[in-house]
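Beneath this line is the structure, given in C-alpha cells, with notes to follow.
Numbering (the numbering used here), first residue to last: 11 to 708.
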C-alpha cells in the first residue's frame with residue numbers, strides 16, 4: 011500500500027489532549043499530470059487541490075486496520091503561475107462512537123509522480139492545527155462525534171510537529187467505489203423572518219431516549235466521561251441550545267437569492283427531498299458575523315423544527331468581513347436548512363449541498379408497469395444511496411452506523427440493484443477482521459461495527475444470528491465462489507456461544523445482554539425463553555448446515571422448530587415468551603406480538619394453510635385488525651423489523667392484493683416529497699425518527 015510513508019499525528023499525550031483534534035497537512039507539486047496521492051487516516055479526511063474539493067474518506071474498517079484511498083489528480087485544473095497546493099484536513103475525534111472505532115488518530119499519505127514516490131508523511135507535508143475549527147464543543151450526537159463550530163475571526167492555523175504514531179496499523183484496500191459528489195445550489199428560499207431569544211434553549215431536560223426529543227442526546231454523555239466529551243464549563247458556544255430558544259416570526263414567503271440578512275433575521279430553504287451530504291453556502295460578509303446554519307429532515311407546516319431526532323443539527327460560523335465560501339466537513343442529512351444571523355450583516359448569495367452518497371449510475375435498469383411501483387423503486391434507490399457509501403448504515407444522520415440485521419436486508423438490496431456486492435464485501439470483511447479484546451464473551455461479535463459503543467459490553471445476541479444468516483445467504487446466493495473458510499471462524503464462534511444457552515429441550519434460554527426482537531414492546535418480552543429468537547435460531551442452524559456442510563445441524567434445527575412451535579402456539583396465534591417458574595417449569599406469558607407471528611411463519615417451519623393455522627392466516631390477511639387479544643397484551647408491528655418480516659410473509663403467500671395495499675402506503679414517502687423510504691414511516695406506524703431507513707431489500 012505505502013512504499014515509504016509512515017502514519018503521523020500531533021504529539022498529544024493524554025486522552026483529553028487528543029480529543030477532537032483537527033490537523034491540516036499541506037504539500038505542493040509543480041504539475042498535476044501523472045500525480046496520484048494515497049491516503050489513510052483516522053478518523054476522517056477531506057482532500058482539496060488548489061482549493062477545490064476532491065474527496066472525503068476514508069472507507070471505515072476494523073480496529074487496527076486502515077483502508078487506503080488512491081486519488082488520481084491528473085485531471086484537476088492546474089494552478090495559475092504557482093505550484094499546485096494539496097491540502098488534507100484530518101479530523102481526529104479520539105472518542106467512542108457508533109460510527110468509528112476508538113483508536114489513536116493518524117494520517118498517512120504518499121504522493122507519486124508518474125509512479126515514483128516523491129513526497130510522503132514522515133518526511134514531507136507541513137502540519138498545522140486547524141484553529142479555525144473550535145475544538146471544545148458539544149457532541150453532535152452520542153452516536154457520532156463532535157459538532158462543527160468555526161471561528162474565522164482569528165488565526166486559522168497553528169504549526170504542529172507531526173510525529174510517528176506508535177501503533178501497528180495494517181493497511182488494506184478501499185474495495186468500495188468512491189461516492190457521488192454532486193453539487194447543487196438553491197436559487198430560491200421558502201420563507202424569511204425575524205427572531206428573538208426568549209428562553210433558555212438548553213438540551214438537558216433529563217428526558218433521554220428516542221421518544222423524548224426535548225433532549226439532543228439518546229443518553230446523557232456526561233454520565234460517561236470516558237465516552238469522550240468536554241466539560242460544560244469548557245464549552246463557550248452552544249448553537250443547538252441557542253436555536254432552540256428562539257421565537258421566530260415569519261415576515262415573507264418564497265423569494266430568490268441573493269438576499270441580505272442582518273442580526274435577528276432568519277431564512278429557510280426547502281430542497282424538496284431529503285439530501286445526504288455536505289451543507290455549503292456562499293456569502294459576502296458586510297460586517298463581522300455570527301451565523302448558525304440549522305437543518306432538519308422534516309419541518310411540518312413549513313415551520314423550522316429540528317428536535318424530532320436526538321442530535322444537534324447545527325453548524326456555527328463566526329465570519330470576518332469579506333467573501334465567505336463555507337462547506338461542512340462532515341456529511342449530514344436534511345431537507346430543510348435555516349440560516350440564523352446572531353450578529354452582523356451578510357449578503358447570502360447561495361445555499362446548497364454536495365452529495366455524499368453511493369454512485370448509482372451502474373444500477374441495473376428496471377421499470378415497472380404501475381407508476382406506484384416506480385415511485386417505491388425510486389425511493390428505495392435513494393434510500394440505498396444514502397446508506398451504502400462505505401458500509402451499510404442504519405441512517406445517514408444521527409448514527410451512520412454499520413448495524414447487523416439492518417445489513418441482512420440492505421445486502422439483498424445491493425445485489426438486486428447492481429448484481430454485485432462491493433459494499434457488502436467490505437462490510438462483512440470488517441466483521442471478519444474484528445478481534446475480540448475481552449469486551450464481549452468469546453465468539454460474540456459487536457452489534458454494529460466499526461464502533462466502540464457506550465456501555466461497551468452491550469451486545470445483541472439476535473444480531474449475531476442475523477450476521478450468520480447474512481453470511482450464509484451471501485455465500486450461497488450472491489458470492490458462491492467466495493472462500494467459505496474466511497467466514498467459518500466467526501460463524502462457528504457465534505454457534506459455540508449460543509450453544510451455551512440451550513436448555514434441556516434445545517431452546518435458547520436467558521440469553522444475556524440486549525435481546526432485540528424488534529423496535530416495539532416485543533423487546534420487553536424476551537426472557538426467559540423467547541420464541542421469536544428460537545425460531546430465528548432454527549433458521550440459523552439450517553443455514554449453517556447447508557452452507558458449511560454440517561448435516562447434524564439440520565436435525566437439530568428441525569427439532570427446535572417443532573418444539574418452539576408446539577410450546578408457543580395457543581391454538582390461535584403464537585405467544586412471545588415463557589418464564590421459568592419456581593418449580594422449574596416453563597410458563598407461557600400473556601404477551602403476543604405481531605412480529606412473533608412473522609418469525610413463526612418464516613422460520614418456524616409451519617404451514618400457514620394447515621387447518622390449525624386458519625385463524626392466524628386470516629389475521630395476517632387483514633393486518634391483525636380483527637384480532638381480539640382478550641386477556642393477552644398485544645403489540646402491533648413496528649417497521650423494523652416487523653414490517654420487513656410481514657413483507658416477506660406476504661411474498662411467501664404470493665398475496666398480490668395485500669402487497670399492493672402495502673406498496674400504496676410505502677409510496678406516500680415519495681409523494682410527500684421526502685424521496686426516501688423510512689424505517690419508521692409516519693404513514694405506516696407511529697413516527698419516532700425520520701429517515702432512519704433502509705431500502706426495501708426483502
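Using N, Cα and C, we set each Cβ at its ideal position, and we do this for glycine too.
The model shown is predicted, which means the values in this text are computed figures rather than measured ones.
Where the alpha helix (DSSP H) through residue i begins and ends
{"i": "residue 28", "result": "25 to 28"}
{"i": "residue 384", "result": "381 to 396"}
{"i": "residue 476", "result": "471 to 483"}
{"i": "residue 508", "result": "498 to 509"}
{"i": "residue 605", "result": "604 to 613"}
{"i": "residue 422", "result": "416 to 428"}
{"i": "residue 272", "result": "Where residue 272 is concerned, there is no enclosing alpha helix (DSSP H), although the beta strand (DSSP E) it sits in stretches over 269 to 272."}
Cβ-Cβ separation, residue j to residue i (assumed contact under 8 Å), whole Å
{"i": "residue 583", "j": "residue 626", "result": "5 Å"}
{"i": "residue 198", "j": "residue 266", "result": "5 Å"}
{"i": "residue 407", "j": "residue 343", "result": "4 Å"}
{"i": "residue 191", "j": "residue 365", "result": "6 Å"}
{"i": "residue 401", "j": "residue 70", "result": "6 Å"}
{"i": "residue 144", "j": "residue 161", "result": "6 Å"}
Of the residues the options, the one placed nearest residue i, counting alpha carbons only
{"i": "residue 655", "options": "606, 624, 645", "result": "606"}
{"i": "residue 404", "options": "154, 159, 667, 589", "result": "154"}
{"i": "residue 711", "options": "20, 52, 65", "result": "Outside the shown range of the chain (11 to 708) lies residue 711, about which nothing can therefore be said."}
{"i": "residue 359", "options": "332, 425, 378, 168", "result": "332"}
{"i": "residue 641", "options": "101, 671, 580, 608", "result": "580"}
{"i": "residue 542", "options": "361, 608, 75, 96", "result": "608"}
{"i": "residue 398", "options": "27, 387, 431", "result": "431"}
{"i": "residue 51", "options": "66, 60, 42, 38", "result": "66"}
{"i": "residue 299", "options": "349, 286, 322, 74", "result": "349"}
{"i": "residue 157", "options": "131, 305, 205", "result": "305"}
{"i": "residue 523", "options": "456, 419, 384", "result": "456"}
{"i": "residue 179", "options": "301, 673, 533, 12", "result": "12"}
{"i": "residue 291", "options": "236, 323, 473, 362", "result": "362"}
{"i": "residue 286", "options": "527, 35, 189, 164", "result": "189"}
CA-to-CA distance, residue j to residue i, given in whole angstroms
{"i": "residue 506", "j": "residue 452", "result": "9 Å"}
{"i": "residue 187", "j": "residue 91", "result": "34 Å"}
{"i": "residue 568", "j": "residue 614", "result": "9 Å"}
{"i": "residue 376", "j": "residue 537", "result": "45 Å"}
{"i": "residue 511", "j": "residue 53", "result": "38 Å"}
{"i": "residue 566", "j": "residue 593", "result": "27 Å"}
{"i": "residue 354", "j": "residue 47", "result": "41 Å"}
{"i": "residue 531", "j": "residue 639", "result": "15 Å"}
{"i": "residue 76", "j": "residue 274", "result": "46 Å"}
{"i": "residue 465", "j": "residue 58", "result": "37 Å"}
{"i": "residue 39", "j": "residue 440", "result": "35 Å"}
{"i": "residue 17", "j": "residue 109", "result": "22 Å"}
{"i": "residue 216", "j": "residue 226", "result": "Any answer about residue 216 is weak, because its pLDDT of 47 lies below 50 and its placement is not dependable; what the coordinates show is given next. Between residue 216 and residue 226, the C-alpha separation is close to 10 Å."}
{"i": "residue 549", "j": "residue 32", "result": "47 Å"}
{"i": "residue 728", "j": "residue 422", "result": "A question about residue 728 goes unanswered here, because the residues of the chain that appear run from 11 up to 708."}
{"i": "residue 25", "j": "residue 146", "result": "14 Å"}
{"i": "residue 203", "j": "residue 268", "result": "15 Å"}
{"i": "residue 212", "j": "residue 648", "result": "Only weak support is given to the placement of residue 212: the predicted model assigns it a pLDDT of 47, under 50, and the question is left unresolved by the model."}
{"i": "residue 114", "j": "residue 443", "result": "18 Å"}
{"i": "residue 56", "j": "residue 448", "result": "34 Å"}
{"i": "residue 424", "j": "residue 98", "result": "31 Å"}
{"i": "residue 571", "j": "residue 513", "result": "14 Å"}
{"i": "residue 412", "j": "residue 434", "result": "11 Å"}
{"i": "residue 470", "j": "residue 653", "result": "20 Å"}
{"i": "residue 214", "j": "residue 245", "result": "No answer about residue 214 holds up, because its pLDDT of 45 lies below 50 and its placement is not dependable."}
{"i": "residue 150", "j": "residue 242", "result": "14 Å"}
{"i": "residue 321", "j": "residue 152", "result": "8 Å"}
Terminal residues of the beta strand (DSSP E) in which residue i lies
{"i": "residue 662", "result": "Taken as a continuous stretch (DSSP letters only), residue 662 belongs to no beta strand (DSSP E), being part of the alpha helix (DSSP H) at 654 to 663."}
{"i": "residue 251", "result": "Run containing residue 251: none in the beta strand (DSSP E); it sits in the alpha helix (DSSP H), 249 to 254."}
{"i": "residue 129", "result": "126 to 130"}
{"i": "residue 438", "result": "No beta strand (DSSP E) contains residue 438, which is instead part of the alpha helix (DSSP H) from 432 to 443."}
{"i": "residue 590", "result": "587 to 590"}
{"i": "residue 624", "result": "No beta strand (DSSP E) holds residue 624; the alpha helix (DSSP H) holding it covers 624 to 631."}
{"i": "residue 49", "result": "45 to 52"}
{"i": "residue 42", "result": "Careful: residue 42 lies outside any beta strand (DSSP E) and carries neither H nor E."}
{"i": "residue 751", "result": "Outside the displayed span of the chain (11 to 708) sits residue 751, for which this structure offers no information."}
{"i": "residue 138", "result": "136 to 140"}
Interface flag, residue i vs chain B, CB-CB below 8 Å
{"i": "residue 47", "result": "Annotation note: the requested chain B is absent from the structure, which comprises a single protein chain."}
> In the stretch 515 to 585, which residue ranges form an unbroken alpha helix (DSSP H) of at least 4 residues, counting only runs that do not cross its ends?
Replying inline: 541 to 557, 562 to 578
> Fully enclosed by the stretch 294 to 377, which beta strand (DSSP E) runs are 3 residues long or longer?
Replying inline: 324 to 329, 332 to 337, 342 to 365
> Can you give, in chain order, each stretch of the beta strand (DSSP E) that sits fully within the stretch 152 to 210 and has at least 3 residues?
Replying inline: 158 to 161, 167 to 169, 172 to 174, 180 to 183, 193 to 195, 201 to 207
> Quick one: complete beta strand (DSSP E) runs, 3+ long, within the stretch 70 to 119?
Replying inline: 75 to 82, 94 to 102
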